[in-house]
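If you read the sequence shown in my numbering, its first letter stands for residue 7, the second for the next number, and so on. First comes the structure, then the notes that go with it.
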Amino acid sequence: MTTQTYTQIELLSANGTVSRRVSTAPPRLPTDDEIPVIDLAPIDGTLDKRKALASRVKAASEYTGFFYIRNHGIPEELIQNSLSQAKTFFNQPLSQKIKIDFSASKVSAGYHGVGSTQVNHLKETFSMRYDPRIDPTCTDPKSALEQEGKSRDDGDYIWKGTSHLPKFQEVTVSFWQSRLALARKLVRIFALALGEREDYFDGVTSHPGADALYIHYPGVPDVAAGSNIDVGIGSHTDIQCFTLLWQDDSGGLQVLSAQDEWLDARPIGGTLIVNIGDFLQRLSNNKFKSTVHRVYNRQPDSRYSMPFFFGFNPEAVCKVVPSCVDDEHPPLYEPISCGEGAIGTFSGS
Ligand SMILES: O=C(O)CCC(=O)C(=O)O
Ligand SMILES: [Fe+2]
């Protein structure tokens, strides 16, 4: 009989640095229950179909907090075009990329070079955030910007510094819009999965957190020699409600199982990954799991991924969802806003 051995890791969460027990065994493939592939086609079907979908989402959210989605409605061509734009952007000389330096941006968007965020990693990122001007459901973007105390120029910074790249803005915005629409549909499934009416969160998603990243993990030419360095993203949880993640074929994403073992969340063609973030775990009174994950890119080639982090309206104060509270499960958390929960932890990483 083999015995499992464990070690402790330190990781970043919305509650600061926390320590977790982790098996020292190499990552294994997840079972179908641990990280299921869920067909999203019923999302546009009848209420009964949406409820059946919600019960699958509930099971996955309560177990590992990660699942793949198939038939998500985002055209493969748009994903591939976005990937080409990401590659074109990162292939530029550093002098060009830092024209949209993240630290000089007024809206926390832009370029982060290798080694510039607090999570251990070897990666560079391009990030954009929610902008009412490109949200097709926003009827008055001008006053929305004024309310947030922002000007058009703040949001234009990343587009001005990339305007020499043909179609970069057009494709990047279009991919962002398609994931925003998908996230707004999915949040209604989460509402059902939590035992509420499906419009429960609608009021807090009019100008939601919607941060989209292009990530480039450079390859490690001599993997054996580099085996001691961090190659990817260190262990962390995502801080908002949920993440929609596209990853290329490289592999390397590892997810902590309910039994504290690393699972290999391998890429599956035609799918995106959805994972629960800290804020949704909090609103669910810990029923849904915001799960620790990390990325290793131990290969000579570059790895690319494109995550989209979805949160609620930053100022909306949200309480633990009533259906997750009863005499035996009193609320574990005070009401808080998604913006407050994320303060200090979002760094474009
Ligand atoms: O690159 C990936 O596959 C995952 C990225 C990630 O976990 C993150 O950016 O929070
Ligand atoms: Fe993550």
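Virtual Cβ for every residue (Gly too), placed ideally from N, Cα, C.
Sub-9 Å separation of residue i and residue j beta-carbons
i           : j           : result
residue 260 : residue 215 : no
residue 104 : residue 134 : no
residue 329 : residue 202 : yes
residue 119 : residue 106 : no
residue 217 : residue 132 : no
residue 338 : residue 195 : no
residue 250 : residue 299 : no
residue 248 : residue 283 : yes
residue 23  : residue 12  : no
residue 129 : residue 41  : no
residue 17  : residue 26  : yes
residue 33  : residue 270 : yes
residue 210 : residue 92  : no
residue 343 : residue 320 : yes
residue 89  : residue 312 : yes
residue 227 : residue 99  : no
residue 309 : residue 238 : yes
residue 78  : residue 144 : no
residue 207 : residue 108 : no
residue 303 : residue 258 : yes
residue 87  : residue 173 : yes
residue 325 : residue 200 : no
residue 223 : residue 301 : yes
residue 267 : residue 14  : no
residue 83  : residue 276 : no
Counterpart residues of residue i in DSSP-defined beta bridges
i           : result
residue 343 : 323
residue 280 : 73, 250
residue 309 : 223
residue 314 : 218, 250
residue 240 : Answer is none; residue 240 lacks a bridge partner.
residue 268 : 262
residue 45  : 76
residue 116 : 133
residue 29  : 12
residue 302 : 238
residue 332 : 335
residue 34  : 269
residue 107 : 117
Whole-Å CB distance - residue i paired with residue j, under 8 Å assumed
i           : j           : result
residue 44  : residue 75  : 6 Å
residue 160 : residue 113 : 5 Å
residue 204 : residue 62  : Contact doesn't hold; Cβ gap of about 15 Å is too wide.
residue 279 : residue 95  : The pair is not a contact, with the Cβ atoms about 22 Å apart (cut-off 8 Å).
residue 273 : residue 254 : 7 Å
residue 151 : residue 142 : Going by Cβ atoms, the distance from residue 151 to residue 142 rounds to 16 Å, so no, they are not a contact pair.
residue 189 : residue 316 : 4 Å
residue 252 : residue 85  : 6 Å
### Task
Determine contact between the segment 65–73 and the segment 286–304, defined as no fewer than three beta-carbon pairs at a distance below 8 Å.
In this structure the segment 65–73 lies against the segment 286–304, because at least three pairs of beta carbons, one per stretch, are closer than 8 Å.
### Query
Touch check for the segment 27–41 and the segment 177–191: three-plus C-beta pairs under 8 Å?
The segment 27–41 is not in contact with the segment 177–191.
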